Amino acid sequence: MRTAERLFARHGIDAVSLNEIVHAAKTNAAAIHYHFGNRQGLIEAMVQKRQAAWGTVGHRMIAELEAKPEVTAHEVVAVMVEPIAALRAQPWGHDYIRFISELASHRRYAVILHHSADEHTIAYVKQLERITPGMPDDIRLARYAYLRRFVYDAVAAGDERVAMWLDSMGQSPAGWTTGDFIDMLTGAMTAPVSSID
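Here the sequence shown is numbered in our numbering, starting from 1250 and rising by one per residue.
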């Protein structure tokens, strides 16, 4: 699974065959078929294996919000960002975040990720409702979907790409924190809704 995670992260899910995973992992095809059945089974196992590393943190953070009589938008958006950003500290974290980013937009396999997070998503959307009470449900869900996707991509890309661009503009990313990232996304989540005629 670790080998598949690394290869999927670096080359994309569709660009890596099971044979390439078998060869890189120095195992045999029978082992993959025995343990996972097929590519989808392997991907499902990969998602489930790492779910505890970030899902548990997210669930705890949501439970803490639910216990508060009032919450800020920054606190609610932090629940979307911090568990994913914290994965960077794990030795496998960067590869896993990139794999999740790939998976989230995959036409066939994205449903695996969505189903694994259904319970979390329902609880999280209730917290979004608390900070955007007048927002239509469809707008709220669309914003959440875009922001979640952006978080996966931005964290997967890593700070080095942003730093490289800022350097080309004669600026430094020094001082930019996860808190600043959360502030930016909070503004996007809570921005006024403009009607389109």
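Cβ atoms here follow ideal geometry from the backbone N, Cα and C, with glycine treated the same way. Computed from a prediction, not measured in an experiment: that's the story for all the values here.
Please list, in chain order, all residues of the same chain as residue i whose beta carbon is under 6 Å from its beta carbon, the five residues on each side excluded.
i, result
"residue 1348", "1254, 1257 and 1258"
With 16 as the cutoff for other CB atoms within 10 Å, does residue i come out buried or exposed?
i, result
"residue 1351", "buried"
"residue 1283", "exposed"
"residue 1452", "Coverage of the chain is limited to positions 1250 through 1446, which leaves residue 1452 absent and any answer about it impossible."
"residue 1310", "buried"
"residue 1405", "buried"
Apart from the five residues on each side of it in sequence, which residues of its chain come closer than 8 Å, Cβ to Cβ, to residue i?
i, result
"residue 1265", "1253, 1256 and 1257"
Can you grab the Cα-Cα spacing for the pair residue i / residue j, in whole Å?
i, j, result
"residue 1326", "residue 1334", "13 Å"
"residue 1331", "residue 1299", "16 Å"
"residue 1278", "residue 1367", "32 Å"
"residue 1401", "residue 1329", "10 Å"
"residue 1346", "residue 1383", "33 Å"
"residue 1396", "residue 1434", "7 Å"
"residue 1414", "residue 1403", "14 Å"
Determine whether the beta carbon atoms of residue i and residue j lie at a separation below 7 Å.
i, j, result
"residue 1442", "residue 1388", "yes"
"residue 1322", "residue 1427", "no"
"residue 1292", "residue 1361", "yes"
What ranges does the beta strand (DSSP E) occupy inside the segment 1290-1314, keeping only unbroken runs of at least 3 residues that lie completely in it?
none
Along the chain, which unbroken stretches of the alpha helix (DSSP H) at least 4 residues long are found entirely within the segment 1372-1423?
1386-1406 and 1408-1417
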